[in-house]
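Okay, structure first, notes after.
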Amino acid sequence: TQSILSNGTEGLDMASAVRQWRCLRHLTAVGVAVVTSNGFGVAELFDYRNQDASAVDGITGGMYGIRLDNMVSGINAFEALAGAKLHSNTTGRKQRERYRYVCVVLASQILTLLDAFIFPDNLDSSKAASQLHGLALVRSTEPRLGKSQGPLLASLVRLSLILLAYLEPSSVRFLQACSRLRCFLHWTLEIIRESVALGGYSVAFHELNAPLDRLVLAIVLQCHRALSRCSVVLVEMESSPWDKYFSDSESRQKSHRRLFRAVLELREIVFAAYRGRNEVLRAALSLQAHEALARGLEEMSSPKFLLKSSKEASLRTFLKNDWMTSFHDVEAIGDMMISEQVANGQVYKNRTATTIGRQAITELVSENAAIVKEYSDLLGIPFNLYCENQRRWAETEAVREREFEGNEAVKKFAIKYRSDSVEGNKILMAKFSLAMKRMSWIVRTS
Numbered sequence: 307t308q309s310i311l312s313n314g315t316e317g318l319d320m321a322s323a324v325r326q327w328r329c330l331r332h333l334t335a336v337g338v339a340v341v342t343s344n345g346f347g348v349a350e351l352f353d354y355r356n357q358d359a360s361a362v363d364g365i366t367g368g369m370y371g372i373r374l375d376n377m378v379s380g381i382n383a384f385e386a387l388a389g390a391k392l393h394s395n396t397t398g399r400k401q402r403e404r405y406r407y408v409c410v411v412l413a414s415q416i417l418t419l420l421d422a423f424i425f426p427d428n429l430d431s432s433k434a435a436s437q438l439h440g441l442a443l444v445r446s447t448e449p450r451l452g453k454s455q456g457p458l459l460a461s462l463v464r465l466s467l468i469l470l471a472y473l474e475p476s477s478v479r480f481l482q483a484c485s486r487l488r489c490f491l492h493w494t495l496e497i498i499r500e501s502v503a504l505g506g507y508s509v510a511f512h513e514l515n516a517p518l519d520r521l522v523l524a525i526v527l528q529c530h531r532a533l534s535r536c537s538v539v540l541v542e543m544e545s546s547p548w549d550k551y552f553s554d555s556e557s558r559q560k561s562h563r564r565l566f567r568a569v570l571e572l573r574e575i576v577f578a579a580y581r582g583r584n585e586v587l588r589a590a591l592s593l594q595a596h597e598a599l600a601r602g603l604e605e606m607s608s609p610k611f612l613l614k615s616s617k618e619a620s621l622r623t624f625l626k627n628d629w630m631t632s633f634h635d636v637e638a639i640g641d642m643m644i645s646e647q648v649a650n651g652q653v654y655k656n657r658t659a660t661t662i663g664r665q666a667i668t669e670l671v672s673e674n675a676a677i678v679k680e681y682s683d684l685l686g687i688p689f690n691l692y693c694e695n696q697r698r699w700a701e702t703e704a705v706r707e708r709e710f711e712g713n714e715a716v717k718k719f720a721i722k723y724r725s726d727s728v729e730g731n732k733i734l735m736a737k738f739s740l741a742m743k744r745m746s747w748i749v750r751t752s
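Going letter by letter, the sequence shown gives residues 307 to 752 in the working numbering.
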């Protein structure tokens, strides 16, 4: 990071710094491919039925989610085996539950590793150069495992959505994931604004911005689900004695404060998406969902409401608006799950919504399939290359000469075997004849 910031005058030389950063980008691409191939792509996260309904996570003891330590450790064989045995049923949607914990820890490890480079401690966040530093690092579109993953920023958003879907809402890691995702969204909107200014097209899901527009939609949908989980945790936390889930009352108070901070971050993410790319939400959400979302956000930002309510009261009110308390069901269309708030031809107030939202989810499914295919093809390249080399070698003159030499050797050994068999039979017959003569002489003399 020092080398990149100082243009190679400090730390590593610029060439070494670039190589190190490319290795990290390659690691990120591999991580995204692994979690996607195990059933945790962006589109699969919309299947809310896969959420663990128990109040306490079976492996980590988290409250309505996976609890990770402040310092994320690696995955050992015992933890992987525990995750595999947690759900012994390997049919249907329960199959991917074996890999849920491992994939969440992998996503957290990669994002934590990249934090030191994207958000270095020696950067002043109040300066515009700090924002430009991170954006310049994550906007690169140089393919590492094919082109299906898009820029590094898109891969980081995919990993962040996994944490948003499965981490414990009142944990430190969840709050960090929300703050990180908020920054990623701002960078995504900045890239979209540049594309709109360059191409002159601000329509939603235009070919210039379609992949990023789909991620903006996915972010809003996952924030809606995460806010719902936060609401459930808040009710459970305030209605239960502190010793039910916490070791002391101070831990409960800290978790309570973190929960409200996470709700604030999630609300700001949704508000930023609404202000920065409302065209996408208007096109991809159903008429009723977009109306409820707009009403809830505009109410939160009105001056009268801000003057009357404290920060905690405003967050509690936001968690109770129509958009938050509705649209939690999903519709199964084949193997694809679509949230009920996604535009899919719903009728509301004598108006019919489009199917743009459903098309966007379908494209996300196709992106996941493309990521898995490219990853599988790259895994098979070494073996395919070996087979191709063997095929090419088999067509050379050297192979034909060895085949001729082999045939001659087989003929030579076959002739020698036949001659040795004949000689062996002659010796056996001679020994047998001699033995018979001796037997006859013994009989005559006795």
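Ideal placement from N, C-alpha and C gives every residue a C-beta, glycine not left out.
Bear in mind that the values here come from a model prediction, so they are computed numbers and not experimental data.
- Nearest Cα to A532 within the set N713, V569 and S727: V569.
- A distance below 6 Å between beta-carbons, with the five flanking residues on each side excluded, links V502 to the following residues of its chain, in chain order: S508.
- The alpha-carbon separation between A715 and E709 amounts to approximately 10 Å.
- In the displayed model, T366 falls within coil according to three-state DSSP, outside both helix and strand.
- At the C-beta level, L467 and L351 come within 8 Å of one another.
- If you compare the alpha carbons of Q647, T661, F566 and L593 with that of S616, the shortest gap goes to F566.
- E637 has I644 as its beta-bridge partners, per DSSP.
- For the pair L527 and F490, the CB atoms are not nearer than the 8 Å cut-off.
- Within the same chain, and ignoring the five residues on either side of L599 in sequence, the residues whose Cβ sits closer than 6 Å to its Cβ are W629.
- Distance from the CA atom of V341 to the CA atom of K717, rounded to whole angstroms, is 57 Å.
- DSSP places R564 within a helical segment (H, G or I) once states are collapsed to three.
- One alpha carbon belongs to E500, the other to R445, and they sit about 12 Å apart.
- By the CB criterion at 8 Å, E574 and L481 fall outside the cutoff.
- In the same chain as G602, and ignoring 5 residues on each side of it, the C-beta atoms closer than 8 Å to its own belong to F624, N627, D628, W629 and M630, in chain order.
- Your pair A510 and A590 checks out as a contact, with CB atoms roughly 7 Å apart and the cut at 8 Å.
- In the three-state reduction of the DSSP assignment, T334 falls in the helix class.
- Put simply, the backbone Cα of F425 is about 18 Å away from that of L495.
- In this model, E637 and Y654 are separated by some 18 Å (Cα to Cα).
- With a cutoff of 8 Å on beta-carbon distance, V463 and I416 are scored as not near each other.
- The C-alpha of I498 lies about 37 Å from the C-alpha of M369.
- For M543 against S561, the beta-carbon gap comes to about 7 Å, under 8 Å, which counts as contact.
- From the listed residues S553, A516 and E474, the smallest Cα separation to E669 is found for A516.
- According to DSSP, residue pairing for V653 in a beta bridge involves T658.
- A Cβ-Cβ contact shorter than 8 Å links G371 with L473.
- For W548, there is no enclosing alpha helix (DSSP H), since its DSSP letter is neither H nor E.
- Within the DSSP secondary-structure output, I687 pairs in no beta bridge.
- A straight line joining the alpha-carbon of R373 with that of S343 spans about 23 Å.
- Less than 8 Å divides the Cβ of G337 from the Cβ of L465.
- By the 16-neighbour rule on beta-carbons within 10 angstroms, C536 is buried.
- Look at L374 here: in three-state DSSP terms it is coil, with no helix or strand label.
- Per DSSP, K617 is one residue of the alpha helix (DSSP H) stretching across K617 to L625.
- The alpha helix (DSSP H) runs lying completely inside the segment 478 to 541 and spanning 4 residues or more are 478 to 505, given in chain order.
- If you ignore the 5 residues before and after G456, its C-beta comes within less than 6 Å of the C-beta of P517, all in its own chain and listed in chain order.
- In this structure, R564 is the residue among F633, R564, L685 and S746 with its C-alpha nearest to the C-alpha of L621.
- In this structure, I639 and A649 do not form a Cβ contact; the two beta carbons are roughly 14 Å apart against a cut-off of 8 Å.
- Within the model, the alpha-carbon separation for D519 versus V576 is close to 14 Å.
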